[in-house]
Amino acid sequence: SSAEAVVSITGLCRRFGSKTALQEVSLYVPRGGVFGLVGANGAGKTTLIKHILGLLRAESGSVRVFDVDPVADPVGVLGRIGYLSEQPDLPGWMRVDELMRYTQAFYPKWDMAYAEKLREQFGLDPAARLKTLSKGQQAKAGLLAAQAHRPDLLLLDEPSSGLDPIVRRDILEAVIHTVADEGRTVFFSSHLLEEIERVSDHIAMLHEGKLVMCGSLDEIKLQHRCFILRFPTT
Ligand code: ATP
């Protein structure tokens, strides 16, 4: 039922000039588990995520996050979301522990004991300056900052982009599943089908602004009569 939907989108359209970025997209993210949004570059993933964050107003159609319009109530919605963008802009001059104290100020529900636990789990030195960390460690610092307020929805835009396979696996398996095991919801995007397929309970595929498949992995394989997912060939 829609009462259990963390995100519920119906008939969402978005154009940028003559370019159609999203065309009649309807999708429903159930509470709990990992929802994977897959699509090639330019498919419309970031545009969709901006609507969930309430940064873009629906041109037509509707977007509800926790049953609320995120444009009308950004504070209510964003307080319950943890967000990590594709290229997190971390302040390189800050130390890891400083980032933790700084980010805490933005979130009333920040849990410093949980932040410390994540920091240890990720193997981050509290005294290290962010700009001296490897790309993988920076991604982990970004993830720590995005989720130490225990958001109901952790929204990650291509979290593994540009990382080596080991860090990618670390992030996807350790981080994403921990959140899902706590009964919270992870929504992440990727252009890598095998990654989406490996960790997602539910999957949506965007292709040139249109939703071409959506459902649980088993439903999708049954519907499309395939054993592995593929992008459309057009
Ligand atoms: P990527 O993996 O490259 O981030 P994406 O799936 O996130 O791709 P979007 O960034 O949502 O794709 O872009 C979808 C389409 O809309 C692209 O053709 C893009 O050029 C266009 N687009 C997105 N934002 C704007 C904007 N502000 N102005 C004009 N065109 C835009």
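Numbering (full-length UniProt numbering), first residue to last: 7 to 240.
Don't be surprised by glycine CBs; every beta carbon is placed ideally from N, CA and C.
Open item on the list: Nearer than 7 Å: is that true of the beta carbon of ALA49 relative to any heavy atom of the ligand ATP?
Closed with: Position 43 of the sequence shown, counting from 1, holds the residue named residue 49. Using a cutoff of 7 Å, the CB of ALA49 counts as near the ligand ATP, since one of the ligand's heavy atoms is closer than that.
TODO: Go ahead and label ARG107 buried or exposed: buried means 16 or more other beta carbons lie within 10 angstroms of its beta carbon, across all protein chains shown.
DONE: Residue 107 sits at position 101 when you count from the first residue of the sequence shown. When all chains shown are included, ARG107 counts as exposed.
Open item on the list: Less than 7 Å separating the Cβ of ALA64 from some heavy atom of the ligand FMN?
Closed with: This structure lacks the ligand FMN; its bound ligands are the ligand ATP.
Task: Contacts around GLU10, its chain only, beta-carbon distance under 8 Å, and the 5 residues preceding and following it disregarded - done: The sequence position of residue 10 within the sequence shown is 4, counting from 1. If we look at GLU10 and ignore the five residues flanking it on each side, its Cβ neighbours are PRO36, ARG37.
Open item on the list: With DSSP as the reference, identify every bridge partner of TYR89, one or two as the case may be.
Closed with: By one-based count along the sequence shown, residue 89 stands at place 83. For TYR89, which the question treats as bridged, DSSP gives the partners LEU161.
Task: Exposure label - ALA152; buried when at least 16 CB within 10 Å - done: Your numbering for residue 152 matches position 146 in the sequence shown. When all chains shown are included, ALA152 counts as buried.
Task: Cβ contact (3+ pairs, closer than 8 Å) linking the region 135–144 and the region 67–79 - done: Counting Cβ pairs under 8 Å, fewer than three are found: no touch.
- [ ] Return the bridge partner residues of ALA11 from the DSSP annotation.
- [x] For this step, residue 11 is matched to residue 5 along the sequence shown. Looking at the DSSP assignment, ALA11 forms a beta bridge with PRO36.
Open item on the list: Do GLY88 and PRO157 count as a contact pair if the criterion is CB distance below 8 Å?
Closed with: Residue 157 sits at position 151 when you count from the first residue of the sequence shown. Residue 88 sits at position 82 when you count from the first residue of the sequence shown. Yes, the pair counts as a contact, with Cβ atoms nearer than the cut-off.
Task: Complete alpha helix (DSSP H) runs within the region 140–219 (minimum length 4 residues, chain order) - done: Counting only runs of 4 or more, we get 141–153, 171–175, 183–187, 199–205.
- [ ] Keeping to the same chain, check which residues put their C-beta closer than 6 Å to that of GLU65; ignore five residues upstream and five downstream.
- [x] The residue you call residue 65 lines up with position 59 of the sequence shown. CYS19, ARG20, listed in sequence order.
- [ ] Less than 8 Å between the CB atoms is what I'm expecting for GLY215 and LEU33, so what's the real figure, rounded?
- [x] Here residue 215 refers to the residue found at position 209 of the sequence shown. Here residue 33 refers to the residue found at position 27 of the sequence shown. About 13 Å; that fails the 8 Å criterion.
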